[in-house]
Amino acid sequence: MRISLRSRVTALATAALSAGAFLLTSGAAPASAALPTPVSAATAKTYLASLTVAAEDRTGYDRDLFPTWITISGTCNTRETVIKRDGTSVVVNSACTATSGSWYSQYDGVTTTDASTFDIDHVVPLAEAWDSGASEWTTAQRQAFANDVTRPQLIAVSASSNRSKGDDDPAEWLPTRTAYQCTYVRAFVQVKYYYDLSVDSAEKAAISSVLSGC
Numbered sequence: 063m064r065i066s067l068r069s070r071v072t073a074l075a076t077a078a079l080s081a082g083a084f085l086l087t088s089g090a091a092p093a094s095a096a097l098p099t100p101v102s103a104a105t106a107k108t109y110l111a112s113l114t115v116a117a118e119d120r121t122g123y124d125r126d127l128f129p130t131w132i133t134i135s136g137t138c139n140t141r142e143t144v145i146k147r148d149g150t151s152v153v154v155n156s157a158c159t160a161t162s163g164s165w166y167s168q169y170d171g172v173t174t175t176d177a178s179t180f181d182i183d184h185v186v187p188l189a190e191a192w193d194s195g196a197s198e199w200t201t202a203q204r205q206a207f208a209n210d211v212t213r214p215q216l217i218a219v220s221a222s223s224n225r226s227k228g229d230d231d232p233a234e235w236l237p238t239r240t241a242y243q244c245t246y247v248r249a250f251v252q253v254k255y256y257y258d259l260s261v262d263s264a265e266k267a268a269i270s271s272v273l274s275g276c
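If you read the sequence shown in our numbering, its first letter stands for residue 63, the second for the next number, and so on.
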């Protein structure tokens, strides 16, 4: 049985702090997965089948209703936490700002040694979440969603790929690196399932099409 959203958000906040604790130490960090490994394709298909299908309505959406970025641990905010997690040989200063390292954008294959050129993407965009049920949440719940470093919801990618995506769902946008599309939609479905968010019919069909090839 799936737990309530309120219980999930409480658990999320606790887990996020625990997950962020190890990020405090400055110095070189080993390479790691770009984001928490999403559920398998088989599980994603099961999750997708259980999601409510509903039309979307963006009325009233404002990004400020999803506060970002918050402190995860010590001096590290959400962006800094993900930048450190997603890079290779990352060095940070006392303010948790990355001073060196390298980053690879899973969406389009771009690499950089300048973290400022990368954005933190919400796999399920904030506006998409609003359309899909987050309009009924409290600000605290939306803040937890927007800063979730436990689920596969945040990933460091090139600014150009993030801005190309915008607020699109998988019916409108997929990573140009086709090798990453399966991982992307698995993450997308996992996040929607965890937060009890709906999908529209075109979105569901597009996700199903990608999952069929995973």
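We treat Cβ as the ideally placed atom computed from N, Cα and C, and that holds for glycine. This structure is a prediction, so every number in the text was calculated from the model and none was measured.
What residue from the options has the CA that sits closest to residue i's CA?
i: Pro98; options: Asp229, Val211, Asp170, Ala160; result: Val211
i: Leu188; options: Tyr257, Pro100, Val172, Asp148; result: Tyr257
i: Thr238; options: Val172, Gly275, Thr201, Cys276; result: Val172
i: Val153; options: Arg147, Val144, Gly163; result: Gly163
i: Ala233; options: Leu273, Ser151, Gln215; result: Leu273
i: Thr150; options: Asp230, Leu127, Thr175, Ala264; result: Thr175
i: Ser156; options: Thr137, Asp148, Tyr166, Glu142; result: Thr137
i: Leu127; options: Thr161, Asn224, Asp181, Glu190; result: Glu190
i: Ser112; options: Asp231, Lys266, Cys244; result: Lys266
i: Lys146; options: Asp181, Asp170, Gly122; result: Asp181
i: Gly122; options: Glu198, Ala241, Ala106; result: Glu198
i: Cys276; options: Val261, Thr161, Ala241, Ser263; result: Ala241
i: Ser178; options: Asp170, Thr201, Ser222; result: Ser222
i: Asp124; options: Ala264, Asp231, Leu259, Thr201; result: Thr201
Taking residue i and residue j to be in contact with their CB atoms under 8 Å, please state how far apart those CB atoms are, rounded to whole angstroms.
i: Gln28; j: Val219; result: No information on residue 28 is available, as it lies outside the stretch 63 to 276 that the chain covers here.
i: Asp183; j: Trp165; result: Contact flag wrong, Cβ pair sits at about 13 Å.
i: Ser244; j: Ala103; result: Reading off the sequence, residue 244 comes out as Cys, not Ser. At roughly 7 Å, the Cβ-Cβ gap stays under 8 Å, so Cys244 and Ala103 are in contact.
i: Ser260; j: Thr114; result: 4 Å
Kindly indicate which three-state DSSP category residue i falls into: helix, strand or coil?
i: Ile65; result: For Ile65, the pLDDT reaches just 42, beneath the cut-off of 50, and the residue's location in the model is therefore unreliable, although a value from the coordinates is still provided. In this structure, Ile65 counts as coil in the three-state DSSP scheme.
i: Cys138; result: strand
i: Ala127; result: Looking at the sequence shown, residue 127 is not Ala but Leu. DSSP places Leu127 in helix when its eight states are reduced to three.
i: Tyr257; result: coil
i: Thr238; result: coil
i: Leu273; result: helix
i: Tyr169; result: coil
i: Ser156; result: coil
i: Thr174; result: strand
i: Ala218; result: strand
i: Ser112; result: helix
i: Asp193; result: helix
Residues in its own chain within less than 8 Å of residue i by CB, not counting five upstream and five downstream?
i: Trp235; result: Ser226, Lys227, Gly228
i: Val185; result: Leu97, Pro214, Gln215, Leu216, Ile217, Tyr246, Ala249, Phe250, Val253
i: Tyr109; result: Val101, Val251, Gln252, Lys254, Tyr255
Enumerate in chain order the residues of its own chain whose CB-to-CB distance from residue i is below 6 Å, with the five nearest sequence positions on each side excluded.
i: Cys158; result: Thr137, Cys138, Glu142
i: Ala160; result: Ile145, Val152, Val154, Ala177
i: Lys107; result: Leu273
i: Asp230; result: none
Within the same chain, show all residues whose beta-carbon is closer than 7 Å to that of residue i, passing over the 5 residues directly before and after it, in chain order.
i: Asn224; result: Asp181, Asp183
Under 8 Å, with one C-beta from each stretch per pair, do the region 103-120 and the region 181-198 reach the 3-pair mark?
yes
Taking three-plus beta-carbon pairs below 8 Å as touching, is the region 204-218 in contact with the region 125-134?
yes
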